[in-house]
Amino acid sequence: MADKVNVSAKHSAAKIRPVANSARIESVENNIVNTNINHEQQLKSRIAKQFSRAATRYDAAAQVQIDIADDALKLFFERCDEHSQILPKRIIDIGCGTGRVTRELARLNTQHTSHIFAMDLALGMLKHAREQTVEDAPNTNISWLQGDAEHLPLGDSAASGVFSSMALQWCKNSTQVCTEINRVLAPGASGVLAIMCQGSMHELDTCWQHVDSQRKINQFASAETWSSAAKAAGLQVTAQQKSYVTWHKDVRELLGSIKNIGANVVTSNTRQKAISRNTLHALELYYQSTFGRNQGLPLTYNVCFLSLVKPVSKQ
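Take any residue in the sequence shown, count from 1 to its spot, add 87: that is its number in the numbering used here.
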């Protein structure tokens, strides 16, 4: 049976009502105000399609992303402990992907006192996540939302907790993202964001600059940029950084590790051509000579973890 998709014209009107065991995916049509609107919409569409294609194989190929999400969850649970609660009553999981974290949160929701809004840009990811969740944890309070982190499909102060891991680096406007998070969080609410930041994949970037300067990798915002955006939005922020390194036997495997999780979309306007055999060989030689180690070829992920609190207004 085809999925029923409801479309709302404006995110501000999208007061999503929690429905236990929801099998429906809500879709919100976002009003994106941007002078480069066509490029922005096309880019987000490409990102969504790539991640949708990767949905069924994502978890098997995404060990570093899983490690990062686990570290982010530890911070999230520490926040919960500080507030003497098992889980916030209403949690939004931004960029829920295959629903792995969503299911972990649902498993802890033993008293069914919390509701989880699992949101992703990629419809294919949401469908896969929902199917996996029905199999693994059928009796859960989850709403599945297709939406954009820059235009969150929740009403003002609708969430008492926010979580996001390895999703927000795809957003070009950190200020808009943080403003939206602040908008949907209730006063006193808290959460954790794990975001890939500046310096990530620097080895690949260096090698491409030597072999083919026209080929680009995504340029990620700095941890300071994200931290400043969150503070400017009105959130209290504690930031920390950690680097993760994956090892690969050759360049083909390294590039495949990025493609297999759908993360091979370049967010610049530069049109990417197919990689020729000669270019791939040149990239292999330079990567091996510059960064090669006994363990293989390294690829670094720099991640900033932002622990957030929305202050309670003083009367």
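For glycine and all other residues, C-beta sits at the position ideal for the given N, C-alpha and C.
In this structure, L280 and I179 do not form a Cβ contact; the two beta carbons are roughly 11 angstroms apart against a cut-off of 8 angstroms. The Cβ atoms of S251 and K176 do not sit closer than 8 angstroms to each other. Here D180 carries a strand assignment [DSSP, helix/strand/coil]. Excluding residues up to 5 positions away in sequence, V390 lie with their Cβ nearer than 6 angstroms to the Cβ of K329 in the same chain. Each residue's CA atom was taken as its position, placing K346 and R190 some 25 angstroms apart.
Per DSSP, reduced to three states, the secondary structure at N389 is strand. Exclusion of the five residues before and after T366 leaves V298 and D299 as the residues of its chain whose Cβ lies within less than 7 angstroms of its Cβ.
Nearest Cα to P398 within the set N269, H202 and A216: N269. In this structure, DSSP gives S315 a helical state, which the three-state scheme calls helix. Following the DSSP letters along the chain, one finds F250 inside the beta strand (DSSP E) bounded by residues A246 to S252. Secondary structure at K214: helix, using DSSP grouped into helix, strand and coil.
In the structure shown, V264 falls within a helical segment according to DSSP collapsed to helix, strand and coil.
Rounded to whole angstroms, the separation of the alpha carbons of V396 and A205 is 20 angstroms. Per DSSP, the unbroken beta strand (DSSP E) holding V332 starts and ends at Q323 to H335.
Between L213 and Q233, the gap from beta carbon to beta carbon is short of 8 angstroms. For H238, the secondary structure class from DSSP, reduced to helix, strand or coil, is strand. Leaving aside the five residues that flank L192 on each side, the residues in its chain whose CB is nearer than 8 angstroms to its CB run, in chain order, L174, I178, D180, S201, I203 and F250. The beta-carbon separation of C284 and W257, rounded to 13 angstroms, does not stay under the 8 angstroms limit for a contact. Residue environment analysis places D243 among the exposed positions, since fewer than 16 neighbouring C-beta atoms fall within 10 angstroms of its C-beta. No Cβ-Cβ contact shorter than 8 angstroms links M253 with I362. Straight through space, the alpha carbons of G383 and A216 are spaced by roughly 33 angstroms. When beta bridges are read from the DSSP output, F204 appears opposite I179 and S230. When only Cα atoms are considered, F378 and F307 end up about 21 angstroms apart. When C-alpha distances from V271 are compared across K360, L160, L322 and D168, the shortest belongs to L322.
In this structure, the beta-carbon distance from S400 to R166 does not fall below 8 angstroms. By the beta-carbon neighbour count (other beta carbons within 10 angstroms, threshold 16), Q152 is buried.
In the DSSP annotation of this structure, the continuous segment of the beta strand (DSSP E) that includes V279 starts and ends at L272 to M283. Between L239 and A320, the alpha-carbon positions lie close to 15 angstroms from each other. Under the three-state reduction of DSSP output, V396 falls in the strand class.
Excluding its 5 nearest sequence neighbours in each direction, E290 has C-beta neighbours in its own chain below 8 angstroms: Y374, T377, F378, L384, P385, L386 and T387, listed in chain order.
In the same chain as V188, and ignoring 5 residues on each side of it, the C-beta atoms closer than 7 angstroms to its own belong to A156, L160, D180, F250 and S252, in chain order.
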